[in-house]
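Residue numbers (this note's numbering): 1409 to 2259.
Pasting the structure below:
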């Protein structure tokens, strides 16, 4: 009993992140129980937690030699080996334990789940087959089939693959045998597994027959239904696909896939002859259904698609009429604009204008009716979105955008306080008017480059947040706007208020954190980057447990999804971008800060997955390249090429700081320019100059034997200094993010040059010429550094925004927005304070430059 209490106490200490306390408890327990394997295992885990990996590994390997079979000991050892990325040790450990106790069912189950947790598909297949053969339980049978099926995911010889496919198929066939009561499938999940085996064996016809059978129909779900339609499409069984889709529609299925396949099969049956009786029948069928179901969205969308495919007179309404009819039916729905936009884009210009005229006329008719004000607002919002969309290229000057934005602001103001039904967490009905108005202000800025339009947009959105505290779109726009004007602490504050959680760290955190170390080198940013990487740590811990639970519950259709989820996160390009951001920021502001390398949990592939959601921000324009969500970015989106560049940069700087000349020669045998052939939108102009400088350093180090090459690089370095070490850019009217980026670049360049000079002094004392040149370079940098530090201190007094202009701008709306002069004063002063804070953040780099 006492021993159990000691074990539990140590587990509790580790669970509450007190590894040193756990280690002390282990040492005491090992003195009393020197032969106890569990205390030795926990001691190893405690050592690992305090960073003593070598001692932990040595202890675990010694324990492993004794072939432990206790479940707790095996579990702790597995944890240590897993965190050290030593999956083979885990496999060997369990295989040895099973040789001692081959008939221990719990031990074999733990072996299976250990293989699942470390994503050893071959290992889990062996364990599953062992479970099934030795103990013969129903679920073990399905685990064996699932494990064989997962072998499809790994590389192997084609003959070996066919062997496993055949074995999986033979086992799966028993799942549908009438006289096989024990293994016969009895759930939708088991049917999914059976079908996946058939598909891997390319037995498509068999799958269709299964789905048409009684038990196929009994266990049919939406995923299987969609699969059935895809397979009929693949086999080009147009008649069966057509009849099946019609059957599902008649039964009330409103899935968009069913309607798409219905149209596709009809056109293929008609051999693309849009005037055939089949197409006519389909058209009349949809017309009839529209009368029956007057608000069935996917039915109306299907009819709309059909109208754009068929252009024969008297068969169907023309494209324009179909678009107008759709708008009139769904104009009160938020999805109306997104549904119709791709169709309106296909209309000719004259038809687009006619569409706009007709929906405005419709709106005027709606306004005269006695309907709820909120419905009236919904219709007007969709009208204004199409006004923006259709006339995007017509509103080409500042005055046109001013008129449009003023009208939208008026409409937003009128839409406030419609009723008292909204809770404090709800958005106002007319928030989209404000978003459109801000988009219009963005366009005015892009035309005129007047920063006052950005400040006005900020103040409008801050007013919007008073009444819609959780409006996600308002906050996304504010993050962009505050970043554009160099108020990064406010941008960070708004970003934090998004309350991003879990997977959103991988998909959405880019909205603020992309290359942010180039603009805002602060401790608060460093902390935010560390928080963001938590999803990758939780992925390591949680995905394996999700897989175990899926097996326990028989959720076989989820197993592949969980593995894909883990793989996409483990190989997320944003994860790797984040790592370099942490390394870059650590280099800039604190050499002692180390980026913790996130362990690999076995879900690996050689490709990156880009999980970033670039469509999260609303947009109402035409071309993606011209959209506000693209044009308002302060930096390009990093890709695989960017990662390669950063790998060179960080590796080279780390060797300058801690390596030797031999290390550099070994690491950089080839020093061909990394910038050649690179897309212009991958790096900013300052990132390009940084890499150019480092390449010059590399050439100076390696090419010393070639006097001509050496002299060329010396000249390049002088030209680089003359081109980049300037401060005239600080004499600007409008302070913005580009000023900050250039300042960070210049301070980083000073740090890089001093690092290079120190390396030459430390490692290349015999190369007198390079030594002398680097000393001169140090003096140049020191003088420029003093100049730029002084200039930054003077700049802080020049970046304040004049609040009077904006008080005058908003004074007429104080009463209607229920704000006052103090509101505008406070917001503008916060902007001024944040801009000064952004400049103050440069002190972190300044303090970290040692001459």
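For every residue, glycine included, the Cβ atom is placed at its ideal position computed from N, Cα and C.
Who are the Cβ neighbours of residue i in its own chain at under 6 Å, not counting the five residues just before and after it?
i	result
residue 1635	none
residue 1819	1841
residue 1419	none
residue 2155	2253
residue 1913	1940 and 1943
residue 1879	1835 and 1839
residue 1624	1618
residue 1535	1519, 1520 and 1523
residue 1620	none
Contact check, residue i vs residue j under 8 Å by CB: the rounded distance?
i	j	result
residue 2170	residue 2207	Not quite, the Cβ-Cβ distance comes to about 40 Å (not below 8 Å), so this is no contact.
residue 1915	residue 2020	6 Å
residue 2163	residue 2064	5 Å
residue 1450	residue 1464	So it is not a contact: roughly 11 Å between Cβ atoms.
residue 1865	residue 1884	The Cβ separation is near 13 Å, so there is no contact.
residue 1639	residue 1615	6 Å
residue 2135	residue 2201	Contact doesn't hold; Cβ gap of about 12 Å is too wide.
What do you reckon, are the CB atoms on residue i and residue j nearer than 9 Å?
i	j	result
residue 1767	residue 1799	no
residue 1989	residue 1925	yes
residue 1697	residue 1704	yes
residue 1633	residue 1588	no
residue 1709	residue 1734	yes
residue 2188	residue 2133	yes
residue 1868	residue 1849	yes
residue 2218	residue 2160	no
residue 1805	residue 1761	no
residue 1593	residue 1583	yes
residue 1545	residue 1956	no
residue 1529	residue 1559	yes
residue 2050	residue 2102	no
residue 1550	residue 1838	no
residue 1497	residue 1472	yes
residue 1596	residue 2059	no
residue 1935	residue 1974	no
residue 2232	residue 2215	yes
Can you give me the Cβ contacts of residue i inside the same chain, cut-off strictly under 8 Å, excluding the 5 residues immediately before and after it?
i	result
residue 2246	1894, 1895, 1896, 1897, 1927, 1928 and 2148
residue 1859	1853, 1893, 2142 and 2144
residue 2240	2207, 2208 and 2209
residue 2111	2117, 2118 and 2121
residue 1875	1824 and 1836
residue 1676	1644 and 1646
residue 2228	2222
For residue i, which residues of its own chain have a beta-carbon under 7 Å away from its beta-carbon, when the five flanking residues on both sides are left out?
i	result
residue 1713	1671
residue 1475	1504, 1505 and 1508
residue 1531	1499 and 1523
residue 1573	1608 and 1609
residue 2212	none
residue 1650	1670, 1673, 1674 and 1677
residue 1744	1735, 1738 and 1790
Can you tell me whether residue i is buried or exposed, with buried defined as 16 or more other CB within 10 angstroms of its CB?
i	result
residue 2180	exposed
residue 1547	exposed
residue 1428	exposed
residue 1655	exposed
residue 1952	buried
residue 1796	buried
residue 1846	buried
residue 2225	buried
residue 1851	buried
residue 1561	exposed
residue 2046	buried
residue 1486	buried
residue 1590	exposed
residue 1776	exposed
residue 1425	exposed
Is there at least one Cβ from chain C nearer than 9 Å to residue i's Cβ?
i	result
residue 1676	The displayed structure is made up of one protein chain only, and chain C is not part of it.
May I have a chain-ordered list of the alpha helix (DSSP H) segments no shorter than 4 residues that lie completely inside the region 1842-1929? Listed in chain order, the complete alpha helix (DSSP H) runs (minimum 4 residues) inside the region 1842-1929 are 1859-1875, 1880-1892, 1896-1905, 1912-1915 and 1918-1921.
query = What alpha helix (DSSP H) runs, 4 residues minimum, are completely inside the region 1577-1642?
reply = 1596-1608, 1612-1620, 1622-1626 and 1630-1642
List, from N- to C-terminal side, the alpha helix (DSSP H) runs of 4 residues or more that fit wholly inside the region 1438-1520. 1445-1457, 1461-1473, 1479-1491 and 1495-1508
Residue ranges of each alpha helix (DSSP H) run of no fewer than 4 residues wholly in the region 1652-1734, ordered along the chain?
1664-1677, 1685-1700 and 1705-1717
At which residue ranges does the region 2123-2178 contain complete alpha helix (DSSP H) runs of 4 or more residues, listed in the order of the chain?
Runs of the alpha helix (DSSP H) inside the region 2123-2178: 2145-2171.
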